[in-house]
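Participant: Okay, so the sequence shown: first residue is 757 according to this note's numbering, each after it adds one.
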Amino acid sequence: MSGSARIIVVGGGVAGLTVALALQEWASVTVIERESQLGYHASGRSAALFSESYGNALIRALSLASREALATGGYFEHRRGALHFGEAADVERVDALAREAQALLPGIRRLTASETAEMVPVIDIAATCGGVYEPDAMDIDTGKVVQSCASAFRTNGGAISLNEEVLRIERHGEGLRVATTSGAYDADFVVNAAGAWADTIAERAGLARIGLAPKRRTAFIFDAPGYDTRHWPLVVDIRERFYFKPDAGRLIGSLADETDSPPCDAWPEDIDVATAVDRIEQATKLRIHRPHTPWAGLRTFSPDRSPVVGADPRLPGLFWLAGQGGYGFQVSFALARIASALLRDNKVPDDIAALGVARAALAPDRFIDPQTGEFPT
Ligand SMILES: Cc1cc2nc3c(=O)[nH]c(=O)nc-3n(C[C@H](O)[C@H](O)[C@H](O)COP(=O)(O)OP(=O)(O)OC[C@H]3O[C@@H](n4cnc5c(N)ncnc54)[C@H](O)[C@@H]3O)c2cc1C
């Protein structure tokens, strides 16, 4: 059901599509995406994991709040599990993570060295102090999230315009005018869900950036001949220097890198793939003869590594939905509900607020410098 408010959503990634679907319940919504396909940037390049122990406290609450929507939407593909394992000298670090994670999720287990090596036989029992295992971490079917949200949105009358770039946003009467490569739209609200380009959108609205930092992460595919990897969990070293994860009979490897980058069509560097291969080989019995299909994507973080969701106090009608970092799929359904409520001047939905999610912790104005009253430039 479309209502009378006119909303433009900038960005056809998971953030833009989930919010478009939520907003459609009370508004007429158009999604504008610069690329020729949906989910081309970060949303097409993720490792597709849902982990309730990942990220800061706010991210963990938002993930918990998104779990039901991911489950009922049929977006969980496999109960993958996630294992953080340490080298022999990492006992304290592993114990500390186990204590912290168990306080949050009682199902999390501290594994001994032999349990760790039994679960993932490429980890040498003599070289590990064991690990921390989260059994309920899930594989997300990210392609299905993007395509199903887009299809439901279109079926309900929503418009998605591809190959169209937002160039300028300015005040127009009581609302906003959005100039694009194809024309212009008048809107009551514009939702900035432009991922790595969210600060660019602010500049195109004549505003200072709020300080989002896109960071490149590199991944590739490799084989592990002789091992049945299908039931391995995602395996990450306790210092987050690499991870690997089963994917369609093969493994995805990653350097778990966070290299600063301008917003762009991110491309993997050979050195990052080689470094990841070296680290995985040093830490395990895996021998990676031919890493292939490398890719990179941008994970975009706000200065406090929490998402930015809320009205921009500098330009009435402009609303942020950005800074999802490395958690966009696991938090998007909760963020979409929050955005929809805030855009209608409602409070954060009760069930999400009960998990400790407060409007102020997401609002863009948390970055305003109290001395100057301005966003830092
Ligand atoms: C290697 C990697 C691994 C990851 N692993 C996970 C994981 O396991 N679990 C998880 O939950 N998350 C993971 N993430 C993070 C997740 O992918 C992101 O948080 C999420 O995809 C961000 O979605 P988005 O819609 O904000 O951004 P995007 O998908 O980048 O979408 C933004 C869109 O805005 C469009 N746009 C920009 N400017 C304009 C303009 N001016 N006009 C029109 N359109 C514009 C862009 O073309 C783009 O398509 C990972 C990310 C990477 C890179």
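From the three backbone atoms N, C-alpha and C, an ideal C-beta is built for every residue, glycine too. In this text, all values refer to a predicted model and were calculated from it rather than measured experimentally.
Mapping the DSSP letters down to three states, classify Leu794 as helix, strand or coil.
Facilitator: Taking the sequence shown and counting its residues from 1, the one referred to as residue 794 is at position 38. The answer is coil: DSSP assigns Leu794 none of H, G, I, E or B.
Participant: Can you check which of these residues, Trp988, Ser1058, Ile881 and Gly962, is closest to Ala1143 by C-alpha distance?
Facilitator: Given a span of 757 to 1133 for the chain in the structure shown, any question on residue 1143 remains unanswerable.
Participant: What whole-angstrom Cβ distance do Val775 and Ala949 have, given they're in contact under 8 angstroms?
Facilitator: Reading the sequence shown from its first residue, position 19 is the one you call residue 775. Reading the sequence shown from its first residue, position 193 is the one you call residue 949. Right, the Cβ-Cβ distance comes to about 6 angstroms (below 8 angstroms), so this counts as a contact.
Participant: Sorry if obvious, but does the Cβ on Glu791 come closer than 8 angstroms to a heavy atom of ligand 1?
Facilitator: In the sequence shown, residue 791 corresponds to position 35, counting from 1. Yes; taking the cut-off as 8 angstroms, the Cβ of Glu791 has a heavy atom of ligand 1 nearer than that.
Participant: Which residue's Cα is closest to the Cα of Ala761: Glu781, Phe1089 and Val770?
Facilitator: Taking the first residue of the sequence shown as 1, we reach residue 761 at position 5. Closest by alpha carbon: Glu781.
Participant: Decide if the region 838-851 is in contact with the region 876-890; the criterion is three or more beta carbon pairs, one per stretch, under 8 angstroms apart.
Facilitator: Segments in contact, yes.
Participant: Does the distance between the C-beta of Gly772 and the nearest non-hydrogen atom of ligand 1 fall short of 8 angstroms?
Facilitator: Position 16 of the sequence shown, counted from the start, is the residue given in the question as residue 772. Answer for Gly772: yes, Cβ within range of ligand 1.
Participant: Take the Cβ of Val847 as the centre, count every other Cβ of all protein chains shown within 10 Å, and call the residue buried at 16 or more, exposed below.
Facilitator: Here residue 847 is taken as the residue at index 91 of the sequence shown, counted from 1. Val847 comes out exposed.
Participant: Looking only at its chain, what residues have a beta carbon closer than 7 angstroms to the beta carbon of Pro1002, apart from the 5 residues adjacent to it on each side?
Facilitator: Counted from its first residue, the sequence shown places residue 1002 at position 246. So the list reads Thr985, Arg986 and Trp988, once near-sequence residues are dropped.
Participant: If you measure from the CB of Gly1137, is any heavy atom of ligand 1 nearer than 8 angstroms?
Facilitator: What the structure shows of the chain is the stretch from 757 to 1133, and residue 1137 is not part of that stretch, so it cannot be assessed.
Participant: Could you tell me if Cys905 is buried or exposed, where buried requires 16 or more neighbouring beta carbons within 10 angstroms of its beta carbon?
Facilitator: Counting from 1 along the sequence shown, the entry for residue 905 is found at position 149. Its Cβ being crowded by 16 or more others within 10 Å, Cys905 is buried.
Participant: The beta strand (DSSP E) spanning Arg949 covers which residue range?
Facilitator: Counting from one through the sequence shown, the residue named residue 949 turns up at place 193. Per the sequence shown, residue 949 should be read as Ala rather than Arg. It is not in any beta strand (DSSP E) - Ala949 carries neither H nor E in the DSSP assignment.
Participant: Return yes when the C-beta of Ala906 is under 8 angstroms from any heavy atom of ligand 1, and no when it is not.
Facilitator: Start at 1 with the first residue of the sequence shown, and residue 906 comes out as number 150. No; taking the cut-off as 8 angstroms, the Cβ of Ala906 has no heavy atom of ligand 1 nearer than that.
Participant: Looking at the strands, I want to know which residues DSSP matches up with Tyr941.
Facilitator: Residue numbering aside, residue 941 sits at position 185 when the sequence shown is read from its first letter. For Tyr941, which the question treats as bridged, DSSP gives the partners Val934.
Participant: I need the boundaries of the alpha helix (DSSP H) containing Cys905, first residue and last residue.
Facilitator: Working through the sequence shown from its first residue, we reach residue 905 at position 149. From DSSP, the alpha helix (DSSP H) with Cys905 extends over Thr898 to Thr911.
Participant: What does DSSP give as the partner residues of His1045 in its beta bridges?
Facilitator: Stepping through the sequence shown from its first residue, residue 1045 is reached at position 289. In the DSSP output, where bridge partners are listed per residue, His1045 has none listed.
Participant: Would you report the Cα separation of Asp1106 and Leu1091, rounded to the nearest angstrom?
Facilitator: For the purposes of this step, residue 1106 is identified with residue 350 of the sequence shown, where counting begins at 1. For the purposes of this step, residue 1091 is identified with residue 335 of the sequence shown, where counting begins at 1. Near 13 angstroms, if we compare the C-alpha coordinates of Leu1091 and Asp1106.
Participant: In this structure, does DSSP put Gly962 in helix, strand or coil?
Facilitator: Here residue 962 refers to the residue found at position 206 of the sequence shown. If DSSP states are grouped into helix, strand and coil, Gly962 belongs with coil.
Participant: Please confirm whether any heavy atom of ligand 1 lies closer than 8 angstroms to the CB of Ser799.
Facilitator: On the sequence shown, position 43 is the one that residue 799 refers to. For ligand 1, at least one heavy atom lies less than 8 angstroms from the Cβ of Ser799.
Participant: So the beta strand (DSSP E) Ala969 belongs to, where does it begin and stop?
Facilitator: Translated into the one-based positions of the sequence shown, residue 969 becomes position 213. Looking at the DSSP string, the run of the beta strand (DSSP E) that includes Ala969 is Ala969 to Phe978.
Participant: Is the CB-CB distance between Pro1047 and Gly1009 below 9 angstroms?
Facilitator: One-based indexing of the sequence shown puts residue 1047 at position 291. One-based indexing of the sequence shown puts residue 1009 at position 253. Yes. Within cutoff.
Participant: Assuming Val1007 contacts Phe1000 under a Cβ cut-off of 8 angstroms, what Cβ separation, rounded to an integer in Å, is found between them?
Facilitator: Numbered from 1 along the sequence shown, position 251 holds the residue referred to as residue 1007. Numbered from 1 along the sequence shown, position 244 holds the residue referred to as residue 1000. With the sequence shown as reference, residue 1007 is identified as Leu, and Val is not the correct amino acid for it. Right, the Cβ-Cβ distance comes to about 5 angstroms (below 8 angstroms), so this counts as a contact.
Participant: Roughly how far, in whole angstroms, is the beta-carbon of Pro1019 from the beta-carbon of Leu1074, given that I think they are within contact range, below 8 angstroms?
Facilitator: As a working mapping, residue 1019 is identified with position 263 in the sequence shown. As a working mapping, residue 1074 is identified with position 318 in the sequence shown. Between Leu1074 and Pro1019 the Cβ distance is about 18 angstroms, and since that is not below 8 angstroms, they are no contact.
Participant: I'd like to confirm something about Trp988: is its beta-carbon nearer than 8 angstroms to some heavy atom of ligand 1, or not?
Facilitator: Taking the sequence shown and counting its residues from 1, the one referred to as residue 988 is at position 232. Not so, every heavy atom of ligand 1 lies at least 8 angstroms from the Cβ.
Participant: Name the one or two DSSP bridge partners that Gly887 has.
Facilitator: As a first step, residue 887 must be located in the sequence shown, where it is residue number 131. DSSP lists Phe841 and Leu867 as partners of Gly887.
Participant: Cβ atoms of Val1029 and Pro1050: under 9 angstroms apart, would you say?
Facilitator: As a working mapping, residue 1050 is identified with position 294 in the sequence shown. As a working mapping, residue 1029 is identified with position 273 in the sequence shown. Contact flag set, yes.
Participant: Which one or two residues does DSSP pair with Leu1054 in a beta bridge?
Facilitator: For the purposes of this step, residue 1054 is identified with residue 298 of the sequence shown, where counting begins at 1. Arg972.
Participant: Do Ser1088 and ligand 1 come close, with the Cβ less than 8 angstroms from some heavy atom?
Facilitator: Translated into the one-based positions of the sequence shown, residue 1088 becomes position 332. Yes, ligand 1 has a heavy atom inside 8 angstroms of this Cβ.
Participant: Could you check what DSSP says for Arg1061 in three-state terms: helix, strand or coil?
Facilitator: Within the sequence shown, the letter at position 305 stands for residue 1061. Three-state DSSP puts Arg1061 in coil, outside helix and strand.
Participant: When you compare only the Cα positions, how much space is there between Phe1089 and Val991?
Facilitator: Reading the sequence shown from its first residue, position 333 is the one you call residue 1089. Reading the sequence shown from its first residue, position 235 is the one you call residue 991. Cα to Cα, Phe1089 sits roughly 26 angstroms from Val991.
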